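In terms of the working numbering, the sequence shown has 172 at position 142, counting the first letter as 1, and numbering is strictly consecutive.
Cβ atoms here follow ideal geometry from the backbone N, Cα and C, with glycine treated the same way.
Small disclaimer: the values here were computed from a predicted structure and weren't measured.
In what follows, a structure is listed as structure tokens, so that the remarks can point back to it.
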Amino acid sequence: MNTQDEIIPEEVQDNGTAVETAEPKEPTIEELLIAAQEEAGRNLEGWQRALADLANARKRFEKQSQMAYSNATVDLVSKLLPMIDDFDRGMASVPSEVAGLSWFDGLRGVQRKLANILEGIQAERISSVGQPFDPNLHDAIMREESAEYESDTVIRELQAGYRIGERVIRPAMVVVAA
């Protein structure tokens, strides 16, 4: 034989015999089905994870939106309170002969509208007089002896306090019974 016609096996065993190389065999239908099911499982897990991430992102966004709204509301009410205090003090100091005039009734209407606006955004006045002193709600300015109230009870309110829900916007400035 000449060298061109000679066939050389690709692999030779230790004993010198040729080993046939296996050609890649076609996967069976069962193997293809198992592989497809595994891939479908991975895809399902990825889809469920993405869906959970989306739900968490929505919840986070809603919470941030509510917090931003709450902070903006508190900021607005905080800025309005000094004007409302001045308005209330002015209305309380009007002489009785003026109280029946139509322009004064108009001012009372404005005062009611301001109160309705605060109520509409759930800002409420903190109840103080006759209540036990609470450092979370009240800012004690002084203590006075009182025959009418027990010790550590608010006997007078110097400036109204406000809150929205449980969040105190401004504590009430009060006088407490000694």
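Sequence-distant residues of the same chain with beta carbon closer than 6 Å to residue i, five excluded per side
| i | result |
| --- | --- |
| residue 161 | 184 |
Presumed contact (8 Å Cβ cut-off) between residue i and residue j, rounded CB distance
| i | j | result |
| --- | --- | --- |
| residue 202 | residue 187 | 6 Å |
| residue 204 | residue 153 | About 19 Å; that fails the 8 Å criterion. |
| residue 191 | residue 156 | 4 Å |
| residue 198 | residue 167 | 6 Å |
| residue 128 | residue 194 | In fact, because the Cβ distance is near 34 Å, the residues do not count as touching under 8 Å. |
Three-way DSSP call (helix, strand, coil) for residue i in this model
| i | result |
| --- | --- |
| residue 205 | strand |
| residue 28 | Any property of residue 28 remains undetermined from this structure, which presents the chain solely from 31 to 208. |
| residue 83 | helix |
| residue 184 | strand |
| residue 135 | helix |
| residue 140 | helix |
| residue 161 | coil |
| residue 145 | helix |
| residue 61 | helix |
| residue 75 | helix |
| residue 99 | helix |
| residue 56 | coil |
| residue 190 | coil |
| residue 174 | strand |
Beta-carbon contacts of residue i that lie in its chain and below 7 Å, excluding the five residues immediately before and after
| i | result |
| --- | --- |
| residue 66 | none |
| residue 125 | none |
| residue 87 | none |
| residue 60 | none |
| residue 182 | 162, 163, 206, 207 |
Residues of its chain near residue i, where Cβ-Cβ distance is below 8 Å and the 5 sequence neighbours each way are ignored
| i | result |
| --- | --- |
| residue 175 | 207, 208 |
| residue 121 | 137, 138, 141 |
| residue 179 | 160, 185, 207 |
| residue 135 | none |
Interface flag, residue i vs chain D, CB-CB below 7 Å
| i | result |
| --- | --- |
| residue 55 | Given the protein chain composition of this structure (a single chain), no chain D is represented. |
Residue i CB to nearest heavy atom of the ligand FAD below 6 Å
| i | result |
| --- | --- |
| residue 95 | Judged by which ligands are present, the structure shown has none, so any question about the ligand FAD falls away. |
Please specify which runs of the alpha helix (DSSP H), each continuous and at least 4 residues long, are wholly inside the region 102-132, giving them in chain order. For the alpha helix (DSSP H) assignment, the region 102-132 encloses no uninterrupted run of at least 4 residues.
Counting Cβ pairs, one atom from each stretch, are 3 or more of them under 8 Å apart for the region 139-149 and the region 106-125? The region 139-149 vs the region 106-125: in contact.
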